[in-house]
Every structure is written in C-alpha cells, then in structure tokens.
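Numbering (this note's numbering), first residue to last: 4 to 595. First comes the structure, then the notes that go with it.
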Ligand code: ARG
C-alpha cells in the first residue's frame, strides 16, 4: 500500500492536472501549522511563476476540484497561495484498517534483498566488555533488525578481537602463575588437558594485571611479544592455551550479549581471517598495488582533492608482522569468498574513522572488493557521564558493562517496588526488561555519531522521551485490552474482530494520523542507518496515544460499535509500538 503522503500527493497532483496545471506541483507535506490543518501543499506558489498567474487563483482552482474528493474533509486556499488540507475521517479509518492487515504495516520491503554484513559488537577476547562496546552492540543490533525488516538478507558478525598482543599478555601471565603447566614445554608431545587452567573471573583479573606489568617491566613486555609471536606462528602449546582462553571467554561474552538481547549470526574472529593474509599479500605485490617503504609493505591511499593527509595503508611491518588493518582487509576477502555481500556496515567508535577510510580506500583501489560492493562506516560517539567525561564507576574506574546493567536493574527494581506492591520475583524480571529499554533507548534516541550523556535518572524515568515511557504506554494499552476482554467475557481473538470507524474526536484523529507514520519512519531509519528516527516516531505515537487516553472514556463508551473501534485503534497502536521496540532490540512486559 502507498504511504499516506504519497497517496494524498497523488490526489492533489490529479487536482492540479484537472485544473490545467502540471502534476508535479501537487506535492503534499505534513502541515507546519497543525493548529490550522493536517497537511499542506505549496505547489500554487511554484505554479505562479510557471504560469504567470496569481498563486491564490491557482490554489482556488485546485481546491475547487479537491472539494469533490472523498479523501479530504477540508481544503482551503489561503493567502498568498497555500493549500491547507485535512483528511476525511472515513478515508483515514479505511487506510488504517488496511494498514493493520498488512504483514509489515505498509512498509515497502526491498524488491531484491541485498546481502548485508554488519560488523558490530567487536568485543575483545578475555577483556571485560566496557561501556564503549555497549554502543556498538546496541546500535548494530537495531540496524540489523531494521534492515532485515525492510526485506534484506542481513548477517550480523561480532568480529571478535582475538589475535593481538592482549593474547600474548594473558599467556605470559598464565605462564608466570603456573610455570609447571605443559603448554610452555616445547618438548611436551602428549595431550593437553581438556579443562582450561583458569575461570572467567580469573581471566578477567589476569588481563589488567598483565597490562600493568608490561608497562612497568621491559622484560615482561618482551616476553609477551614473544608469546604473541609464538601464538601467531601456532606453536602447539601456545595455540592450545589460546583455545582455552577463547572458549572460556566466548562463553562469557555470549552470556553478556544474551542479557542485552543481542545475537549474532556469525561469531567470526580476527584469527579466522589470518589464513587469507599470505594470499592477499601476494596478490597486492604481484599486481603492483603495494610497495616497500622503509622496509614496510604499504599501499598508497591518498586521493586527489583530499583536504587532509591520508597516510598509506600499512600491510606488513618491516619485521613481516601483520597489523589491525591487515586483518580487516583479510576479513573483507574472507567475507567476499564466503558470503559475497553487497554491502558491509561497520559499527565502530567514530575515532576509528580515518582508519576505516584507509582500509576502504585500500580495498577499493586494489579491487579486493567488487566495484559495486558498498563499504559503510557508521561511527558512534562517546558515552559520557553527567560530568561530560567518559562514563566511569563511582570510584572513577573504567565502567564495566555488567556493573552498569546491574546498577540500572537495581534502580528499576526500586522504582517498580515503590510504585506498587508486587511479588519481588516478578518485579525482578520486570525490572530487567524495563532496564534494558532504559539503556537501549537512552542510547538509540540520540543520533549515533554524537556523544551523549548517560543520565541514569533521566533514562529510567517513566516520563519523557525514554524507553520506560514507551513500555509504560504499551503496558497501559495491554491492560485496557485485557480488561475489555474480561468485562465482556470474550476470548483474545475478539480484539482482532474489531474494526476502526471514522475518528470522532480530535485526539483520536491525531492518534490515527500518527499511526500512518510507521512505515515512512522505519524506511528512513533503514536508509539513513538512523535508529533515532524510530525512537522519535515511537515517542510521538506514545504521546498521541496518551493524550487520546486521557481525553476518552474508552471502556465506558456506551455505543458498542464505537467502543469496538477504540479497541481496534488500541490494538493497532500496541502492535506498531511493539514492532517498533522490537526493531530497537527490546520488548515490553505485560505489567509494570
Ligand atoms: N575490537 C575492536 C575494538 O575493541 C573493534 C573492532 C571493530 N571492527 C573491525 N572490523 N575492526 O576496538
């Protein structure tokens, strides 16, 4: 079905044509004076120049024709030549009736699905997730869901960091703590133990310790570098130990991402790209793309017209070691070979933007990607505390994601228990659901590229532009629907059988108009990779619903058909809101 604005525009275009003017003048927009009308068309103004006629005269002629159309309840030509429009309630109600029947509420899905890989999450093995990783996970998950909803074939890849110096550091620390383990004995030929020699909490404590020591102690650092080298050259014991680290850590990461309602289709790691490096390096050399500069192998990526210097992309260091970008380039090769994507989207801290410019240019110039493969960088800003500095714990340390989630859960639990008496166990579960909405919505409602302030009080509030407010609205609707069914002693399906009648009141009509905005908002969010568009829409819809709710006696309505129509409007609002929050990556409880 057509979007409401397109549909109205086509009617108004027709009116222009019938009146003897060009169709293209009939473009309609949402009114910027909602007190006067719902929609407006400024085409008569442009027409005045084209036809050398007073704009008001054109507008009046067009309005005469529109007056005969069913879709509008009001059409007015106003000085100097605006056309002010309001929809007829019956046109609007049948539009919504049809929208409710559509599988995707009128969203125009891709005719030909694009294969899209989203590189997000980006956790590093054996390092605890910190709040910086939160943004990548939350934004990437929402974009994945949105692009999928729009009909694309989307794969989310966590792209774990498991191949750098951090692995050498951990191995070194394990070696210092347990020198007797067989992993470090080059002469050992037996089977290595199946059990990892550490738990996840030990692992998390090992990493910071090793980092600290390597900063203070040159010999320790040299050992860590050596261990990294041995691992990367697959020395048997080091490799086995690395696999233990990986297993223990990935299990923990999965648990963490699960609790965020974030899931990945691919659990690929930096190490998975390593086998592609030798072939890629050969190719770059053979085709003359790469050259040796001061011993290092580089590809120039500066382009004419650059306003700032873009340094060459280094492929191999002078000692032959590969780098972060070597892995990213090899990952592109791997992705092409295995999944042949039309597009790859990277959801990464915007401080890595220059880096990705180098990688993308290099991949393009050297034809590691096909010419029509889109490479897109979605850089996000920093999450700050109320003091405007990167978010810290109360003690001033780096905030771990788990702690942050625990804090918000506690805060939500307190609020829910304070609001009304509930069973503590149930309140715990509800608190978790609501807390997740607070965290995710707080993040997603800001434009991704901007820094934002993580304000616990604001984000957990049941009022204002927050996740809990949207959930509260959904819960309110669910409870009215439940009461309706209970009072009338009806089965759940009865809600589906209600149909929408033309809106009687002003608030009701505003709610109906807001409902028509779902598909355009989602499509725009997808096209611009901008989940905040969905948040903005859900907030507006929730506001309109709550205004309607406060002004209307829904269940006390005497006329049965009218009451049923309210129920149908409630049900459509609920479905749209629930679909919307699902695209943001969270869900609503039944009660709160
Ligand atoms: N692991 C990296 C970090 O923590 C993020 C990875 C981003 N993705 C990529 N393809 N480089 O900074």
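The C-beta atom is built at its ideal place from N, Cα and C for all residues, glycine as well.
If you draw a straight line from the Cα of residue 563 to the Cα of residue 473, it is about 29 angstroms long.
Pairwise C-beta distances place the segment 185-202 in contact with the segment 236-255, as three or more of them are shorter than 8 angstroms. The DSSP-derived three-state label of residue 428 is helix. The ligand ARG has a heavy atom closer than 7 angstroms to the beta-carbon of residue 127.
Using a C-beta cut-off of 8 angstroms, the segment 38-45 makes contact with the segment 85-96, since at least three inter-stretch Cβ pairs fall below that distance. Among the bridge pairs identified by DSSP, residue 157 is matched with 119. Spatial neighbours of residue 478 in its own chain (CB-CB distance under 8 angstroms, excluding positions within 5 residues in sequence) are listed in chain order as 591, 592, 593, 594 and 595. For residue 259, same chain residues with a beta-carbon under 6 angstroms away, outside a window of 5 residues either side, are 132 in chain order.
In the structure shown, residue 386 falls within a strand segment according to DSSP collapsed to helix, strand and coil. For the ligand ARG, a non-hydrogen atom lies closer than 7 angstroms to the CB of residue 331. A distance criterion of 7 angstroms places the beta-carbon of residue 384 beyond contact range of the ligand ARG, judged by its closest non-hydrogen atom.
Secondary-structure assignment with DSSP links residue 455 through a beta bridge to 386. DSSP, read as helix, strand or coil, puts residue 284 in helix. Among the bridge pairs identified by DSSP, residue 164 is matched with 127. Measuring C-alpha to C-alpha distances from residue 78 to each of 310, 101, 103 and 34 identifies 34 as the nearest.
Counting C-beta pairs with one atom in each stretch, the segment 302-320 and the segment 380-391 have fewer than three that are closer than 8 angstroms, which means they do not touch. At the C-beta level, residue 213 and residue 277 stay beyond 8 angstroms of one another. Around the beta carbon of residue 162, a 10 Å sphere encloses 16 or more other beta carbons of the protein chains shown; the residue is thus reported as buried.
Shown here for residue 289: not one same chain residue has a beta carbon closer than 6 angstroms to its own, the five before and five after excluded. If you look at residue 249, you'll find it isn't in any beta strand (DSSP E); it sits in the alpha helix (DSSP H) that goes 239-262. With a cutoff of 7 angstroms, residue 162 counts as near the ligand ARG, since its C-beta is closer than that to a heavy atom of the ligand. For residue 452 and residue 321, the gap between their C-alpha atoms comes out near 35 angstroms. Secondary structure note for residue 294: its beta strand (DSSP E) is the uninterrupted segment 294-296. Between residue 544 and residue 576 the beta-carbon gap is near 7 angstroms, inside 8 angstroms, which marks them as a contact.
Around the beta-carbon of residue 373, fewer than 16 other beta-carbon atoms lie within 10 Å, marking it exposed. Proximity to residue 114 across 379, 134 and 153 peaks at 153, based on C-alpha coordinates. Checking the 7 angstroms criterion, the Cβ of residue 351 is within range of a heavy atom belonging to the ligand ARG. Note on the segment 4-47: whole beta strand (DSSP E) runs with a minimum of 3 residues are 31-33 and 42-44, in chain order. When rounded, the separation of the alpha-carbon atoms in residue 460 and residue 396 is 16 angstroms.
Under DSSP, residue 314 takes part in no beta bridge, so it has no partner. Its chain contains 459 and 463 as the residues whose beta carbon lies nearer than 7 angstroms to that of residue 414, once the 5 sequence neighbours on both sides are disregarded; these appear in chain order. Setting aside the 5 residues that flank it on each side, residue 134 is surrounded in the same chain by 386, 394, 402, 404 and 407, each with a C-beta closer than 7 angstroms to its C-beta; the list follows chain order. Within a 10 Å sphere around the beta-carbon of residue 252 sit 16 or more other beta-carbons, which makes this residue buried. Taken in chain order, the complete alpha helix (DSSP H) segments of 4 or more residues contained in the segment 178-229 are 203-219. Residue 361 holds the alpha-carbon nearest to the alpha-carbon of residue 312 among 344, 361 and 284. Counting other Cβ atoms within 10 Å of its Cβ, residue 235 reaches 16 or more and is therefore classed as buried.
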